[in-house]
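This report concerns only the one structure given below.
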Amino acid sequence: MNRPYFQTVQPLARLHELLFEEQDFDALARRLPEPRMSLAMWRDVLHSELLALFRWALIRAKEDLGQAQAQAYGEEVLCLLPYYGFCLHAIRRAVPFALMGIATTVSVRDDRYPQASAVIAELARLLQVQELLRVSDQPSASLARQFQGRDGLIVLTGKQSTYASLRSRYPQARIMGATGCCAVVLAAAEEPARQIEKQRMQGRLSVSCSNHGHTVLVEALAPGAAVLAVDGSRPTTRPRVEDVLGQLHPSIVLAPSAADLPDDLGGYSLLAWEEAATASLDGFGRDPLGGWPGDYRI
Numbered sequence: 019m020n021r022p023y024f025q026t027v028q029p030l031a032r033l034h035e036l037l038f039e040e041q042d043f044d045a046l047a048r049r050l051p052e053p054r055m056s057l058a059m060w061r062d063v064l065h066s067e068l069l070a071l072f073r074w075a076l077i078r079a080k081e082d083l084g085q086a087q088a089q090a091y092g093e094e095v096l097c098l099l100p101y102y103g104f105c106l107h108a109i110r111r112a113v114p115f116a117l118m119g120i121a122t123t124v125s126v127r128d129d130r131y132p133q134a135s136a137v138i139a140e141l142a143r144l145l146q147v148q149e150l151l152r153v154s155d156q157p158s159a160s161l162a163r164q165f166q167g168r169d170g171l172i173v174l175t176g177k178q179s180t181y182a183s184l185r186s187r188y189p190q191a192r193i194m195g196a197t198g199c200c201a202v203v204l205a206a207a208e209e210p211a212r213q214i215e216k217q218r219m220q221g222r223l224s225v226s227c228s229n230h231g232h233t234v235l236v237e238a239l240a241p242g243a244a245v246l247a248v249d250g251s252r253p254t255t256r257p258r259v260e261d262v263l264g265q266l267h268p269s270i271v272l273a274p275s276a277a278d279l280p281d282d283l284g285g286y287s288l289l290a291w292e293e294a295a296t297a298s299l300d301g302f303g304r305d306p307l308g309g310w311p312g313d314y315r316i
């Protein structure tokens with residue numbers, strides 16, 4: 019069933035309050051712990067994520083003014099999340115559906131349920147979507163079977179093999195997958211590529227699909243461009259950049275911010291790497307295989 023993106027402006031008002039009126043953002047970050055990061059780093063990341071969520075919500079609310087109905091996502095969504103980064107992944111992959119008034123169930127690995135349920139319950143309370151966003155203690159396999167039987171949307175963040183298994187088991191189910199495994203640096207010259215790579219390595223996390231994985235040099239930052247080198251190794255033939263990206267299967271492709279960039283290459287988001295050592299969050303995780311359109315693009 020189609021529905022307006024937002025039935026009320028309350029989600030926007032609450033996000034605005036958290037972003038611009040919160041007196042102690044450090045305390046807020048402590049309430050939503052992220053063990054992979056220092057408090058200072060997590061505070062900045064959390065603020066950036068909530069800001070991206072707010073921007074997304076503003077765009078969608080504006081679209082509501084011009085059209086009676088929005089994208090059809092159905093009445094319920096099951097979000098299968100990985101064993102780490104519960105708050106971060108929930109903000110990107112689950113909260114947008116809850117903000118649109120869609121009942122959203124999160125599922126994690128059994129042994130991570132206590133941590134995930136505590137963090138996501140606090141996040142839901144802060145955003146005032148407690149009735150719409152919850153973490154289930156049922157096994158993920160059981161939930162997937164239930165949701166596909168009711169034609170619910172299943173959103174997987176995880177491995178490509180897990181997505182393939184779900185798709186094989188439930189060929190008629192509505193499934194989106196964000197299955198990219200790393201960040202790829204793409205550049206037409208070696209020096210800017212090395213600068214981005216160095217900055218990415220400094221912010222490397224213990225486990226993350228945003229960690230630097232590969233550096234690819236190309237003849238041009240354009241569709242169909244030939245690949246000159248991958249991680250310093252020059253191929254005997256020059257494959258197309260789209261083919262190489264398909265083999266590497268990144269979560270994001272980063273390029274020098276001075277370049278004139280296409281929106282995507284081979285179905286993967288291509289984002290400018292800013293001098294402030296951060297990239298736009300819009301489009302992260304775009305997956306041409308699993309069908310996820312990218313974070314903050316639903």
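Okay, so the sequence shown: first residue is 19 according to the working numbering, each after it adds one. The C-beta atom is built at its ideal place from N, Cα and C for all residues, glycine as well. Owing to the predicted nature of the structure, the values given are computational and were not obtained by experimental measurement.
Can we say the region 137 to 157 touches the region 187 to 207, given the rule of at least three CB pairs closer than 8 Å? At 8 Å Cβ cutoff, the stretches do not touch.
For M118 and Q213, what's the separation of their Cα atoms in angstroms? Looking up residue 118 in the sequence shown gives position 100. Looking up residue 213 in the sequence shown gives position 195. Each residue's CA atom was taken as its position, placing M118 and Q213 some 40 Å apart.
Buried versus exposed call for T233 [16 or more other C-beta atoms within 10 Å across all chains shown]: The residue you call residue 233 lines up with position 215 of the sequence shown. The residue is buried, with at least 16 neighbouring Cβ atoms inside 10 Å.
Do A201 and G231 count as a contact pair if the criterion is CB distance below 9 Å? Counting from 1 along the sequence shown, the entry for residue 231 is found at position 213. Counting from 1 along the sequence shown, the entry for residue 201 is found at position 183. Yes, the pair counts as a contact, with Cβ atoms nearer than the cut-off.
In the DSSP output, what is G341 paired with across the bridge? Given that the chain is displayed from residue 19 to residue 316, the structure contains no residue 341 and the question cannot be resolved.
Whose CA, out of I138, W74 and V95, lies closest to the CA of G103? As a working note, residue 103 is residue 85 in the sequence shown. When the alpha-carbon of G103 is set against those of I138, W74 and V95, the nearest one is in I138.
Mind reading off the beta-carbon distance from I109 to L151? Whole number of angstroms is fine, and I expect it under 8 Å. Indexing the sequence shown from 1 puts residue 109 at position 91. Indexing the sequence shown from 1 puts residue 151 at position 133. So it is not a contact: roughly 11 Å between Cβ atoms.
With a threshold of 8 Å, are at least 3 pairs of Cβ atoms found where one atom belongs to the region 113 to 127 and the other to the region 153 to 167? Verdict: yes, contact present.
Decide yes or no for the touch test of the region 240 to 257 against the region 170 to 188: beta carbon pairs closer than 8 Å, at least 3 of them. Verdict: no, contact absent.
Rounded to a whole number of angstroms, what is the C-alpha to C-alpha distance between P53 and L36? In the sequence shown, the residue the question calls residue 53 occupies position 35. In the sequence shown, the residue the question calls residue 36 occupies position 18. The C-alpha of P53 lies about 22 Å from the C-alpha of L36.
Looking at C-alpha atoms only, which residue of E292, W291 and L263 is the closest neighbour of D305? Taking the first residue of the sequence shown as position 1, residue 305 is located at position 287. From the listed residues E292, W291 and L263, the smallest Cα separation to D305 is found for L263.
Candidates A206, E260, F43 and Y101: which alpha carbon is nearest S135's? The count along the sequence shown starts at 1 and reaches residue 135 at position 117. Taking S135 as reference, the option from A206, E260, F43 and Y101 with the minimal CA-CA separation is Y101.
In whole angstroms, what separates the C-alpha of H267 from that of L246? For this step, residue 267 is matched to residue 249 along the sequence shown. For this step, residue 246 is matched to residue 228 along the sequence shown. Between H267 and L246, the C-alpha separation is close to 18 Å.
Excluding the 5 residues preceding and the 5 following A244 in the sequence, name in chain order all residues of the same chain whose CB lies nearer than 8 Å to its CB. For the purposes of this step, residue 244 is taken as the residue at position 226 of the sequence shown. Within the same chain, and ignoring the five residues on either side of A244 in sequence, the residues whose Cβ sits closer than 8 Å to its Cβ are V236, E237, R256, P257, R258 and V259.
Can you tell me which of L33, L204, A273 and V225 puts its alpha carbon nearest to the alpha carbon of D249? The residue given as residue 249 occupies position 231 in the sequence shown. Per the Cα distances, L204.
Run through DSSP, which three-state label would G198 get? Here residue 198 refers to the residue found at position 180 of the sequence shown. In this structure, DSSP gives G198 a state outside helix and strand, which the three-state scheme calls coil.
Quick one: which unbroken alpha helix (DSSP H) runs of 4-plus residues sit fully inside the region 33 to 79? Chain order, please. Complete alpha helix (DSSP H) runs here, min 4: 43 to 49.
Along the alpha helix (DSSP H) that carries E208, what are the first and last residues, could you check? Counted from its first residue, the sequence shown places residue 208 at position 190. For E208, the enclosing alpha helix (DSSP H) begins and ends at E208 to Q220.
Tell me H232's beta-bridge partners as DSSP assigns them. Counted from its first residue, the sequence shown places residue 232 at position 214. Bridge partners of H232: V202.
With a 10 Å radius around its C-beta and 16 neighbouring C-beta atoms as the bar for buried, classify D278 as buried or exposed. Against the sequence shown, residue 278 aligns to sequence position 260. Exposed, by the Cβ-count rule.
Using only alpha-carbon positions, find the residue among R73, L161, H65 and L57 that is nearest to L30. By one-based count along the sequence shown, residue 30 stands at place 12. Nearest C-alpha to L30: R73.
Taking the beta carbon of I316 as the centre, do at least 16 other beta carbons fall within 10 Å, making it buried, or is it exposed? Walking along the sequence shown from the start, residue 316 turns up at place 298. Looking at its Cβ environment, which holds 16 or more other Cβ atoms inside 10 Å, I316 is buried.
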